[in-house]
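Remarks on the structure that follows.
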Amino acid sequence: MNIPPIFPLLAQSPDVTNLISNPDGTIRAFRFGLADEGTEMPYVVWRNISGTSDNNIDDRPNGDQVVIQIDVYGTDDEIVDKLAKAARYAIELDCNVISYRDIDQDPITAEYHIGFDVMWLLPR
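Residues in the sequence shown are numbered consecutively from 12, following the numbering used here.
Here it is as structure tokens:
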């Protein structure tokens, strides 16, 4: 599989790291399902929601087109919005933002969530 460089791009962004750095220097950014229960908020997760090969008629595909869902979670709606904007800014020169989802609040946990989708063209 062809994996987009989301984590390195987020880790190189001071705007992102200022919001989600741990004391040990790691950042709270994870592939979907890999954040531990009880991870400190805010944090970013992402997952591949679709993809296709960049097919050619007379040769193997020279790349892949993938759509990645990026989600931001936190306890403060303003911080969640700020982190989503910082994450978008960190990656948008390498991909195309194709949709946004409005901020919402979980009625049980009162945690906030916002997300957006990006399309990435990845060479093989």
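From the three backbone atoms N, C-alpha and C, an ideal C-beta is built for every residue, glycine too.
Only a predicted model underlies this, so the values are computations on that prediction, with no experimental measurement involved.
- For the pair residue 52 and residue 85, the CB atoms are nearer than the 9 Å cut-off.
- Per DSSP, reduced to three states, the secondary structure at residue 105 is coil, with no helix or strand assignment.
- Contact annotation: the region 113–133 touches the region 69–82, with at least three C-beta pairs closer than 8 Å.
- Setting aside the 5 residues that flank it on each side, residue 63 is surrounded in the same chain by 76, each with a C-beta closer than 6 Å to its C-beta; the list follows chain order.
- The C-alpha of residue 93 lies about 27 Å from the C-alpha of residue 133.
- With fewer than 16 other Cβ atoms from the protein chains shown falling within 10 Å of its own Cβ, residue 72 counts as exposed.
- In this structure, the straight-line span from the alpha carbon of residue 61 to that of residue 112 is close to 17 Å.
- Non-local C-beta neighbours of residue 30 in its own chain, meaning closer than 8 Å and more than five positions away in sequence, comprise 53, 90, 93, 94 and 97, ordered along the chain.
- Taking all protein chains shown into account, residue 20 has 16 or more neighbouring C-beta atoms within 10 Å of its C-beta and is therefore buried.
- About 6 Å separates the Cβ atoms of residue 135 and residue 13, confirming a contact at the 8 Å cut-off.
- The straight-line gap separating the alpha-carbon atoms of residue 82 and residue 108 is approximately 13 Å.
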